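Chemist: Below is a structure I'd like to ask you about.
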Ligand code: SPD
């Protein structure tokens, strides 16, 4: 896929840039904005008289450095109140009910499509998003929001297996390590799978050689058998604190997002310490690649302030700081050189894709058939 090749080039450039120099204050313009606008002082084009006192940000858990919120408040006098969720489906349920009070949400690719189709998002005012010039143009204009009318990329990542190398000294190369009862029996109660209607059936689909978007009834029946056979050995379906439980060794094996595994490995600020024995792999059968995006809700009470906050998050220094903290992959091309050698080294150890890995990554898409995953997931969890 063209996009995968482009992502790879972006990342390889980042990894090649160890010790790279400083950033220009502004970048050349493109169709998304005329200048870099990366200046913190007044004179930055922000009309402070239009700013709200508070902004309501509905984000995935452990998905922003809290220091960034403090920096935004110090500069603009706006307090950002964060509520968290752990699945697109939970977020969508809350938003669909209406009057959520939230200004900004962070849907993943396929969930952006759903939100646009259901009229839940406000169109963006690009004139307020001058820092769009810092995003990799190859990561804009994606299938789920052509022209970025409603959304801009926040972070992207991959989904595979996180494991503790003390318990798996030979490494892991197949989903069999987490799905086959005879292989997981000795780790019973120390294993988790993501609590996610697309991720967990998707992993089982890849294990049996199918696309993670397949809704073929026979394939889904086999997926159901695999997941039900695995379920007695799991501590939980968990998308909320896999990072902490891997770090503390309550789990030794987990279906995990790359950044969550990175947090288990490196720790998360003042929240918890890292565990150097945590490794991450995309199994040979393949895994998911995805992108989370910032979107302003149609009924956002503070749309102007929301734009100012989004523009702040796109400053290269802010994006680099955030990426260092949460361990995912930034779409901000001008942030890449600002990343530490430590995170680049871990990217090379498998926490980010290389050329070979890209070939076995796949995006989740939404179509008329994919509601089958919600039904399947309800069945699996209810059994
Ligand atoms: N803790 C933050 C996790 C963000 C994961 N979002 C992507 C989900 C892809 N299915």
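Residue numbers (the working numbering): 9 to 391.
Think of the CB as a built atom: it goes at the ideal place given N, C-alpha and C, for glycine as much as any other residue.
Note that this is a predicted model, so its numbers are computed, not measured.
(1) As a quick exercise: from 262, 228 and 210, pick the residue whose alpha carbon is nearest that of residue 220.
(2) In terms of residue numbering, what span does the alpha helix (DSSP H) encompassing residue 268 cover?
(3) Are the CB atoms of residue 187 and residue 234 nearer to each other than 8 Å?
(4) Taking all protein chains shown into account, decide if residue 367 is buried (16 or more other Cβ within 10 angstroms of its Cβ) or exposed.
(5) What is the rounded straight-line gap between the Cα of residue 156 and the Cα of residue 175?
(6) Are residue 299 and residue 164 closer than 8 Å when you measure CB to CB?
(7) Quick one: Cα of residue 127 to Cα of residue 302, how far?
(8) Would the C-beta of residue 62 count as close to the ligand SPD, meaning under 7 Å from any of its heavy atoms?
(9) Can you name, in chain order, every residue of its own chain whose Cβ lies under 6 Å from the Cβ of residue 293, other than the five neighbours on each side?
(10) Using 10 angstroms around the beta-carbon of residue 335, count the other beta-carbons present and answer buried if the total reaches 16, otherwise exposed.
(11) Pull up the DSSP beta-bridge partners for residue 129, would you.
(12) Pairs of beta-carbons, one from the stretch 238-254 and one from the stretch 302-311, closer than 8 Å: are there three or more?
(13) Give the single residue among 276, 86 and 337 whose Cα lies nearest to the Cα of residue 69.
(14) Taking 7 Å as the cut-off, is the C-beta of residue 265 nearer than that to any heavy atom in the ligand HEM?
(15) For the structure I just gave you, are there three or more beta carbon pairs, one from the stretch 55-74 and one from the stretch 317-337, closer than 8 Å?
(16) Any idea what DSSP makes of residue 109, helix, strand or coil?
(17) Under 8 Å Cβ to Cβ from residue 315, same chain only, skipping five residues before and after it: list those, please.
(18) Under 8 Å: do the stretch 272-287 and the stretch 372-385 share three or more Cβ pairs, one atom per stretch?
(19) Under the three-state reduction of DSSP, which class applies to residue 340: helix, strand or coil?
(20) Whose CA, out of 225, 95, 267 and 125, lies closest to the CA of residue 115?
(21) Just how far apart, CA to CA, sit residue 181 and residue 87?
(22) By DSSP, does residue 180 sit in helix, in strand, or in coil?
(23) According to DSSP, is residue 291 helix, strand or coil?
(24) Alpha carbons only, please: which of 99, 110 and 106 is nearest the one belonging to residue 313?
(25) Fully enclosed by the stretch 180-210, which beta strand (DSSP E) runs are 3 residues long or longer?
(26) Do you know how far the Cα of residue 141 is from the Cα of residue 42?
(27) Mind checking who residue 262 pairs with in its DSSP beta bridge?
(28) Following a CB-centred definition, is residue 215 positioned closer than 7 Å to any heavy atom of the ligand SPD?
Modeler: Inspection of the coordinates gives the following:
(1) The shortest C-alpha separation from residue 220 is found at 210.
(2) Counting along the chain, residue 268 sits inside the alpha helix (DSSP H) bounded by residues 266-274.
(3) In this structure, residue 234 lies closer than 8 Å to residue 187 by Cβ.
(4) Within a 10 Å sphere around the beta-carbon of residue 367 sit fewer than 16 other beta-carbons, which makes this residue exposed.
(5) In a straight line, the C-alpha of residue 156 is about 44 Å away from that of residue 175.
(6) Contact flag set, yes.
(7) Between residue 127 and residue 302, the alpha-carbon positions lie close to 16 Å from each other.
(8) Not so, every heavy atom of the ligand SPD lies at least 7 Å from the Cβ.
(9) 183, 214 and 215, listed in sequence order.
(10) The residue is buried, with at least 16 neighbouring Cβ atoms inside 10 Å.
(11) Here residue 129 is bridged, per DSSP, to 305.
(12) No, the stretch 238-254 is not in contact with the stretch 302-311.
(13) It is 276.
(14) Here the bound small molecules are the ligand SPD; the ligand HEM is not part of this structure.
(15) Result yes; three or more Cβ-Cβ pairs closer than 8 Å.
(16) In this structure, residue 109 counts as coil in the three-state DSSP scheme.
(17) Answer for residue 315: 132, 133, 136, 137 and 304, listed in chain order.
(18) With a cut-off of 8 Å on Cβ pairs, the stretch 272-287 is not in contact with the stretch 372-385, counting fewer than three such pairs.
(19) Note: residue 340 maps to strand in three-state DSSP.
(20) With distances taken between Cα atoms, residue 115 lies closest to 95.
(21) Approximately 45 Å between the Cα atoms of the pair.
(22) Correct three-state label for residue 180: coil.
(23) Taken through DSSP and simplified to helix, strand or coil, residue 291 comes out as coil.
(24) Answer by Cα proximity: 110.
(25) Complete beta strand (DSSP E) runs here, min 3: 199-201.
(26) Bear in mind that a pLDDT of 33 at residue 42, under 50, signals an unreliable position, so the number given afterwards is only what the model happens to contain. In a straight line, the C-alpha of residue 42 is about 8 Å away from that of residue 141.
(27) Paired residue(s): 170 and 200.
(28) The answer is no for residue 215.
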